[in-house]
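Asks: Dropping a structure here in structure tokens format, bear with me for questions.
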Amino acid sequence: MNYGFFRAACASPAVTVADCVKNADAIIEQIQQAAQHGAALIVFPELSITGYTCGDLFLQRTLQRSAVAQLERIAAETAGCGALSLVGLPLAADDTLYNCAAYVYGGEVVAVVPKTFIPNYAEFYERRHFSPAPDANAPDAACTRTEGKTVCLSQRFPAVPFGTDILIRDVRNRDAVIAAEICEDVWVPAAPSQRHALSGATVIANLSASNEIIGKAEYRRMLVQSQSARLQCAYLYADAGNGESTTDMVFAAHNIAAENGSVLAESELFGTGLIFADFDLELLLQERRRTGTFAQCARDAGVGSYRSIYVDLPSRAEAEADELRYRRIDPHPFVPSGTRERTERCRRVVELQAEGLAKRLRHTNARTAVIGLSGGLDSTLALLVTAEAFRRCKLDPAGIEAVTMPCFGTTERTHRNAVRLSKRLHTSFREIPIAEAVRQHFADIGHDESVHDVTYENAQARERTQILMDVANKTGGLVIGTGDLSESALGWATYNGDHMSMYGVNSSVPKTLVRYLVAWFADEADSADAELAAVLRDILDTPVSPELLPPEDGAISQKTEELVGPYELHDFFLYYVLRRGFSPAKIYYLARKAFCSGGKASAEGVPDCETARAAGVYRPETVLKWLKIFYRRFFSQQFKRSCMPDGAKVGTVNLSPRGDWRMPSDASCALWQQELDNL
């Protein structure tokens, strides 16, 4: 199963201006090469059979006839490769010459698309030779003047579909719907690709000859990224390059493959090779369905009918390890991989968290903010964010009530870090031991303290929440929730214990990002407060734990990730379940690509513990085990999310029942579990 993935290539062969035979040789060679690498679609530059810089030679019948003859040869000599190719040529139809893109597949020229917008400014003078597509100035978007129109190429191809109203559909991968535009078409305010996408195209191919000048590469990249984002599509931009005439211009073969605003592949300037990208067309369609406004635009735009041509493109039949050779699956989708981008992301997240809390503090006229400080990651981040909110509100940090409540599982390390952290941030600090209160509660309800069950653990969590609520009442403040998005997804919180607060600053921050946020605070503190930085780094090195069970030899005995699974896996699952809506089978497939050494991790030598987490490598069966647990917990714990406290959304994934995620608390998980059981 290919799960909606579609491999495509952009090609920029070296051209010889006006030598159609040599150019066809180069095109055939690159089609065959791309097909061998599994490309279902190969896109060539504008006028690639002749070269873009032929000038008035375009009006020579010899060149026009040779271009068509070589198009036929390209079709014949690539008939067995199985891929769909788009090549450019000048084409005379009746009394008009068009700048065209020709679809070649299975030995046939299956369709021809003329260029809509013909530039005639600055260094461009295409109007001297070419006319715009005959439907470009149609009185409405239905393109009725070319509906059903064909063009005669030769005796072999007497009636080829011709027009800008053409979609190529893959019968094997129904998500693959391909449309073409040519160079200038994407540089205008109302690009043909807009109509194409609204009519169902998921893949837009642009055959281009865009000369290079200072600053244009950056603008071109931004343009292609933006178009792929606006249209929620895959966009392939194949640019002319080596061999084009340099009489007045230089062409750099700037090829770009973008998907929904992200560049998946990009060539170096002045190359002559191929770039490949594995597009996720299911992802694009999910995005269109999720927003709903895409379909509304399609209805409102009245784009009219398109002709569909069906092809049977090669399936992803290669070895599994090759299936996503040209697509990186990020194991940490919530955390940017680049240092610079990650630093900026952390700064923005903290700003959103702090501003959300600051608004609530102002609105309630709260005098204090009360935080249960455990010395762990989540409460540390909550305290740091609260300190920033107080700074924004110009409030004294002494109004932050950091409360540590040691009990049976508290270790010296976490207690020490809580004390040191409060001191470095100049907050008020309270230590309220709860062991005796919890023992009294056990006596009241008849619970044996030696039985370390859920009652034993949850009684401590609820005692802490009761104290925090009462301190907030006593000081005229708000209880600041510390729980994060990952814990909410897994239901890893005591109902009406740490699950409850008056405002949750971490509620839409996943655990993998929490770690980076605390690390960012440590980096920021390095120069100003080395001791604070040291405390934060020691907290980062401390195992994640609720510390509800007694320690062993003074060390934490209860490690969350050994109980519910590695958070990097759960955050990966969470992202693709909520943000993308993918099936369990596809998520398992992606997780193996991200975490299992290309899905080939052997059962021997790949640890299933902290060492694996440190290396980011897991056995496939380990991934499947935790994926099953994720789904089971995600469904069964919805009742906790149905009544979760307020907390500002900071990222694209959120579980607020008032916003992004509305799910019944008693929904069945049977369908998802059945799919997992069949893997």
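Just so you know, UniProt numbering puts 77 at position 77 of the sequence shown, and the rest follows in order with no gaps. Positions of the beta carbon are idealized from the N, C-alpha and C atoms, including for glycine.
1. With DSSP as the reference, please indicate the residues paired to Phe276 in a beta bridge.
2. To the nearest angstrom, how far is it from the Cα of Thr404 to the Cα of Gln638?
3. Is it buried or exposed for Ile445, if we count other Cβ within 10 angstroms and need 16 for buried?
4. Return the Cβ separation of Pro333 and Gly481 in integer angstroms, given the expectation that the two are a contact with Cβ distance under 8 Å.
5. Taking C-alpha atoms, which residue in Ala555, Val112 and Ala533 lies nearest to Pro543?
6. Identify whether Asp608 lies in helix, strand or coil by the three-state DSSP scheme.
7. If you drop the 5 nearest sequence neighbours on each side, which residues of the same chain put their C-beta closer than 6 Å to that of Arg633?
8. From what residue to what residue does the beta strand (DSSP E) around Asp25 run?
9. Taking DSSP's pairing of strands, which residues face Asp239 in a bridge?
10. Among Thr246, Ser226 and Glu181, which residue has its Cα nearest to the Cα of Ile213?
11. Is it buried or exposed, Arg592, if we count other Cβ atoms within 10 angstroms and call 16 or more buried?
12. Just the C-alpha distance for Gln70 and Thr96, rounded to the nearest angstrom, thanks.
13. Which whole-angstrom value is the C-beta distance of Val623 and Cys596, which I expect to be below 8 Å?
14. Which whole-angstrom value describes the C-beta separation of Tyr237 and Ser208, a residue pair presumed to lie in contact below a C-beta threshold of 8 Å?
15. Suppose contacts are defined by Cβ-Cβ distances below 9 Å. Is Tyr588 in contact with Leu627 by that definition?
16. Please list, in chain order, all residues of the same chain as Thr410 whose beta carbon is under 6 Å from its beta carbon, the five residues on each side excluded.
17. Among Gly38, Gln232, Pro114 and Ser85, which residue has its Cα nearest to the Cα of Glu184?
18. Let me make sure I understand the geometry here. Which of Ile42, Asn2 and Leu47 has the alpha-carbon closest to that of Asn23?
19. Cα-Cα, which of Ile31, Asn242 and Ile178 is closest to residue 680?
20. When the distance is taken between beta carbons, is Ala8 closer than 9 Å to Ile42?
21. Leaving out the 5 sequence neighbours to the left and right, which residues in its chain are closer than 6 Å to Tyr105 when beta-carbon positions are compared?
22. Can you tell me whether DSSP reads Gly599 as helix, strand or coil?
23. What is the DSSP secondary structure of Asn137, counted as helix, strand or coil?
24. Which of the three DSSP states, helix, strand or coil, is assigned to Phe630?
25. Is it a yes or a no for the region 470-479 touching the region 566-573, going by three-plus beta-carbon pairs under 8 Å?
26. May I have the straight-line CA-CA distance separating Ala176 from Asn211, to the nearest angstrom?
27. When you compare only the Cα positions, how much space is there between Ala387 and Val535?
28. Please look up how many angstroms separate the CB atoms of Ala493 and Gly483, rounded, as I've assumed it's under 8 Å.
29. Identify, in the order they occur along the chain, each residue of the same chain with its Cβ nearer than 7 Å to the Cβ of Asp19, setting aside the five sequence neighbours on each side.
30. Assign Ser66 to one of three DSSP states: helix, strand, or coil.
31. Is it the case that the Cβ atoms of Glu282 and Tyr3 are separated by a distance below 9 Å?
32. Which residues share a DSSP beta bridge with Ala519?
33. Have a look at Arg662 and Arg580 and give me their C-alpha separation to the nearest angstrom.
34. Which residue from Ser488, Gly273 and Ala533 puts its Cα closest to that of Ala26?
35. Of all the options Leu223, Thr202, Ile309 and Arg328, which has the alpha carbon lying nearest to the alpha carbon of Leu285?
36. I need the DSSP call for Thr465, collapsed to helix, strand or coil.
Replies: This is what the structure holds:
1. What you label residue 276 is simply residue 276 of the sequence shown in a count that begins at 1. Looking at the DSSP assignment, Phe276 forms a beta bridge with Ala9.
2. Locating residue 404 in the sequence shown gives position 404, counting from the first residue. Locating residue 638 in the sequence shown gives position 638, counting from the first residue. Looking at the two C-alpha atoms, the distance is approximately 29 Å.
3. For the purposes of this step, residue 445 is taken as residue 445 along the sequence shown, with counting starting at 1. With fewer than 16 other Cβ atoms within 10 Å, it is exposed.
4. Taking the sequence shown and counting its residues from 1, the one referred to as residue 333 is at position 333. Taking the sequence shown and counting its residues from 1, the one referred to as residue 481 is at position 481. Not confirmed; about 24 Å, so no contact.
5. Counting from one through the sequence shown, the residue named residue 543 turns up at place 543. Ranking the options by Cα distance to Pro543, first place goes to Ala555.
6. Walking along the sequence shown from the start, residue 608 turns up at place 608. Note on Asp608: pLDDT 45, under 50, position unreliable in the model; the coordinate value appears next. In the structure shown, Asp608 adopts coil according to DSSP, grouped into three states.
7. The sequence position of residue 633 within the sequence shown is 633, counting from 1. Correct list, in chain order: Leu490 and Gly491.
8. Position 25 of the sequence shown, counted from the first residue, corresponds to residue 25. Element bounds for Asp25: not the beta strand (DSSP E) but the alpha helix (DSSP H), Cys20 to Gln36.
9. Position 239 of the sequence shown, counted from the start, is the residue given in the question as residue 239. For Asp239, which the question treats as bridged, DSSP gives the partners Ser208.
10. Locating residue 213 in the sequence shown gives position 213, counting from the first residue. With distances taken between Cα atoms, Ile213 lies closest to Thr246.
11. Along the sequence shown, read from residue 1 onward, the residue named residue 592 stands at position 592. With 16 or more Cβ atoms within 10 Å of its Cβ, Arg592 is classed as buried.
12. Residue mapping note: residue 70 aligns to position 70 of the sequence shown, counting from 1. Residue mapping note: residue 96 aligns to position 96 of the sequence shown, counting from 1. Taking the straight line joining both Cα atoms gives about 20 Å.
13. Sequence index remark: in the sequence shown, residue 623 carries index 623 (1-based). Sequence index remark: in the sequence shown, residue 596 carries index 596 (1-based). Right, their Cβ atoms sit about 6 Å apart.
14. Along the sequence shown, one-based indexing puts residue 237 at 237. Along the sequence shown, one-based indexing puts residue 208 at 208. 6 Å between Cβ atoms; contact.
15. On the sequence shown, residue 588 is found 588 positions in, with the first residue counted as 1. On the sequence shown, residue 627 is found 627 positions in, with the first residue counted as 1. In this structure, Leu627 lies closer than 9 Å to Tyr588 by Cβ.
16. Taking the first residue of the sequence shown as 1, we reach residue 410 at position 410. Cβ within range, chain order: Glu547.
17. By 1-based counting over the sequence shown, the position of residue 184 is 184. Ranking the options by Cα distance to Glu184, first place goes to Pro114.
18. Position 23 of the sequence shown, counting from 1, holds the residue named residue 23. It is Leu47.
19. Missing from the structure shown is residue 680; the chain here goes from 1 to 679 and no further.
20. As a position in the sequence shown, residue 42 is number 42, starting the count at 1. As a position in the sequence shown, residue 8 is number 8, starting the count at 1. Yes.
21. Counting from 1 along the sequence shown, the entry for residue 105 is found at position 105. These residues qualify, in order along the chain: Leu84 and Val311.
22. Counting from 1 along the sequence shown, the entry for residue 599 is found at position 599. Caution is warranted here: a pLDDT of 42 is assigned to Gly599, below 50, making its placement in the model unreliable, and no coordinate value can be reported.
23. Here residue 137 is taken as the residue at index 137 of the sequence shown, counted from 1. Legend: pLDDT at Asn137 = 43, less than 50; position of this residue unreliable, no value from coordinates given.
24. Counting from one through the sequence shown, the residue named residue 630 turns up at place 630. It is helical.
25. no
26. Locating residue 176 in the sequence shown gives position 176, counting from the first residue. Locating residue 211 in the sequence shown gives position 211, counting from the first residue. Each residue's Cα considered, the two are about 30 Å apart.
27. To locate residue 387, count along the sequence shown from 1; it is residue 387. To locate residue 535, count along the sequence shown from 1; it is residue 535. The C-alpha of Val535 is placed about 16 Å away from the C-alpha of Ala387.
28. Translated into positions along the sequence shown, residue 493 becomes position 493. Translated into positions along the sequence shown, residue 483 becomes position 483. With 8 Å as the limit, Ala493 and Gly483 qualify as a contact, their Cβ atoms being about 5 Å apart.
29. The count along the sequence shown starts at 1 and reaches residue 19 at position 19. Excluding residues within five positions, none has a Cβ falling inside 7 Å.
30. Residue mapping note: residue 66 aligns to position 66 of the sequence shown, counting from 1. Three-state result, Ser66: helix.
31. Position 282 of the sequence shown, counted from the first residue, corresponds to residue 282. Position 3 of the sequence shown, counted from the first residue, corresponds to residue 3. Contact: yes.
32. Within the sequence shown, numbered from 1, the residue matching residue 519 stands at position 519. DSSP output for Ala519 lists no bridge partner at all.
33. Against the sequence shown, residue 662 aligns to sequence position 662. Against the sequence shown, residue 580 aligns to sequence position 580. Rounded to the nearest angstrom, the two C-alpha atoms are 16 Å apart.
34. In the sequence shown, the residue the question calls residue 26 occupies position 26. Among Ser488, Gly273 and Ala533, the Cα nearest to that of Ala26 is on Gly273.
35. In the sequence shown, residue 285 corresponds to position 285, counting from 1. The option with the nearest alpha carbon to Leu285 is Thr202.
36. Your numbering for residue 465 matches position 465 in the sequence shown. In the structure shown, Thr465 sits in a helix (DSSP, three-state: H, G or I).
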